[in-house]
Amino acid sequence: MENLLEIKNLSVQYKSPKGILGRMQTIFAVNDLSLEIKKGEILAIAGESGCGKSTLAKAVIRLENSISGEIIFEGENISDTKDLSNFRKKVQMIFQNPYASLNPKMKIYDMLKEPLKLNTDLTDEEIEKRIIEIACKVGLDTDCLNQYPHEFSGGQRQRIAIARAIILNPEFILADEPVSALDVSIQAQIINLLKELKEDYKLTFLFISHDLSVIKYISDRVGIMYLGEIVELGTTDEIFYSPKHPYTKALLSAVPQITKNSEEKITLKGDLPSPSNLPTGCKFHTRCPYAMPICTNKSPEKTQISQTHYVKCFLHSQN
Ligand code: SF4
């Protein structure tokens, strides 16, 4: 499968106030990260809160500036491009909190009409046809179109946000924890809707989530992120049924009902270290039950386990 998006050696850092004195510290949110997203796939990124997932998502669509690295979309390096209007039409985002992402003063119809008016030459009649088509597709009753966001439940608001995301026929959707604010009963409906849209509109997704059961259900491939780095990447089956990195195993050990792998349980000790003070060597060494002397001063390189699966860990290193 052809790559839609390539991320090459991306690093994102920002300043944040520390403690009551508010002295500024540097947050090393994404560190020399490389990743390819193939056309038509759902690539999920999993990891604990604070591991850099959301910063990565924002950097990919240039809502966050990177300090180095490249973002290549459809073969074009957009890392420093000033005019992103074409890119923005092809790439849309679905956020965790649908209410915050919808303008409370706009009726749903106007909210869906606005991007079509600004970005297409469609007539009013064609715009109406498109809005009705998309509303039906995401499971919204057309009567809803004359209402305001506050009149809807969380699940319906997320359907509206999804309708707005796909109204311009994008190619790439970045979904950042799109179901984690919803009731469990609604989560499955929204996940199924995203899967259906992916097939019907040939969409590609970067799907950010901390919920491994959701990831297992929706994704084609999974990257495991720890302190701004992808430490393991593979197909969904490789990650869930043949994990290699101790961190992946620890994440999976916390949800034993979704894996067959019952032999090795790793309990995560301690909290995620601060991204302002990254550990040397393998960043996981401060919490890893298998840490060796080399792990404290050297970073493991990628080891290819299969054509589709790699891990960064000295336990699997061939050198
Ligand atoms: Fe653990 Fe060392 Fe592997 Fe890092 S490289 S995950 S510290 S064994």
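Take -6 as the starting number for the sequence shown in my numbering and just add one per residue.
Glycine included, every Cβ here is placed at the ideal spot set by N, Cα and C.
Smallest Cα separation from T74: which of E(-5), P97, Q85 and R55? Per the C-alpha coordinates, the member of E(-5), P97, Q85 and R55 positioned closest to T74 is R55.
Relative to the ligand SF4, is the shortest distance from any of its heavy atoms to the C-beta of F307 smaller than 6 angstroms? Checking every heavy atom of the ligand SF4 against the Cβ of F307, one is found closer than 6 angstroms.
Inter-residue spacing [alpha-carbon to alpha-carbon] between K34 and T228: The identity of residue 34 in the sequence shown is Glu, whereas the question assumes Lys. Taken atom to atom, the span from the alpha-carbon of E34 to that of T228 is near 11 angstroms.
Taking the alpha carbon of I159 as the reference point, which residue from I179, L196 and Q182 has its own alpha carbon closest? The shortest C-alpha separation from I159 is found at L196.
Determine the direct distance from the alpha carbon of I251 to that of L2, and round the result to whole angstroms. Residue identity check: residue 2 is Asn in the sequence provided, not Leu. Going from the Cα of N2 to the Cα of I251 covers about 32 angstroms.
C275: which of L138, E225 and Y7 sits nearest, CA to CA? Minimum Cα distance to C275 is reached at E225.
Would the beta-carbon of P286 be found less than 6 angstroms away from any heavy atom of the ligand SF4? Set against 6 angstroms, the gap from the CB of P286 to the closest heavy atom of the ligand SF4 is not smaller.
Considering only residues of the same chain and omitting the five flanking positions on each side of G40, which have a CB-CB separation below 8 angstroms? Scanning its chain for C-beta atoms nearer than 8 angstroms, with the 5 sequence neighbours on each side dropped, one finds around G40 the residues K46, H203, I217, M218, Y219 and L244, in chain order.
How many Å lie between Q89 and V53 at the Cα? Distance from the CA atom of Q89 to the CA atom of V53, rounded to whole angstroms, is 17 angstroms.
Is G147 helix, strand or coil when you go by DSSP? Residue state, collapsed to three classes: helix.
Heavy atom of the ligand SF4 within 6 angstroms of H278 beta-carbon: Correct: H278 has its Cβ closer than 6 angstroms to the ligand SF4.
Three-state secondary structure (DSSP) at Y194? In this structure, Y194 counts as coil in the three-state DSSP scheme.
Can you tell me whether C281 sits near the ligand SF4, meaning its C-beta is under 6 angstroms from at least one heavy atom of the ligand? Indeed, a heavy atom of the ligand SF4 lies less than 6 angstroms from the Cβ.
Could you pull the DSSP bridge partners for E(-1) from this structure? By DSSP's assignment, E(-1) forms a beta bridge with E29 and I65.
Identify the continuous alpha helix (DSSP H) that holds D117 and give its terminal residues. According to the DSSP assignment, D117 belongs to the alpha helix (DSSP H) that extends over D117 to K130.
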